[in-house]
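Each remark here refers to the structure printed beneath this line.
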Amino acid sequence: AANIVRLIAVLCWLYGSNWYWAQPYHTSKLTGQQWVEELMRGHPERIHNELGVHLHVLLIELRGLGYSDSKFVSLEEQLAIFLY
Numbered sequence: 092a093a094n095i096v097r098l099i100a101v102l103c104w105l106y107g108s109n110w111y112w113a114q115p116y117h118t119s120k121l122t123g124q125q126w127v128e129e130l131m132r133g134h135p136e137r138i139h140n141e142l143g144v145h146l147h148v149l150l151i152e153l154r155g156l157g158y159s160d161s162k163f164v165s166l167e168e169q170l171a172i173f174l175y
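Whatever position you read off the sequence shown (first residue = 1), add 91 for our numbering.
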């Protein structure tokens, strides 16, 4: 009976641990720029869910402050990285 209690205790611990439920989260094949473009062209609430701002706010922040693209990373992607 003691072995059964120990087995149940171990199984309960395992079931409640993060290790048991671990699975990859970021599995997209898209590049960062492609992901940002998908957000900008997709459902309006998706960009808000992912970045915490609506598309019009993102665009106002990007261009309104006078920033520009860097050599390898677009301004949209830079802001998305910062907000994510």
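Cβ coordinates follow ideal geometry from the N, Cα and C atoms, glycine included.
Just verifying my parser: in three-state terms, what is the DSSP assignment at valine 144? To locate residue 144, count along the sequence shown from 1; it is residue 53. Coil, per DSSP.
Spatial neighbours of isoleucine 138 within its chain, please: CB distance less than 8 Å, with the 5 preceding and 5 following residues excluded, ordered by chain position. Position 47 of the sequence shown, counting from 1, holds the residue named residue 138. Contacts found: Leu130, Met131, Val144, His145, Leu146, Leu149.
Decide if glutamate 168 is buried, meaning its Cβ has at least 16 other Cβ atoms within 10 Å, or exposed. As a working mapping, residue 168 is identified with position 77 in the sequence shown. Per the 10 Å Cβ criterion, buried.
Would you check if the distance between the CB atom of alanine 171 and the CB atom of leucine 142 is smaller than 8 Å? Within the sequence shown, the letter at position 80 stands for residue 171. Within the sequence shown, the letter at position 51 stands for residue 142. Result yes, Cβ atoms of alanine 171 and leucine 142 sit closer than 8 Å.
DSSP three-state assignment for phenylalanine 163, whether helix, strand or coil: Here the question's residue 163 lines up with position 72 in the sequence shown. Three-state result, phenylalanine 163: coil.
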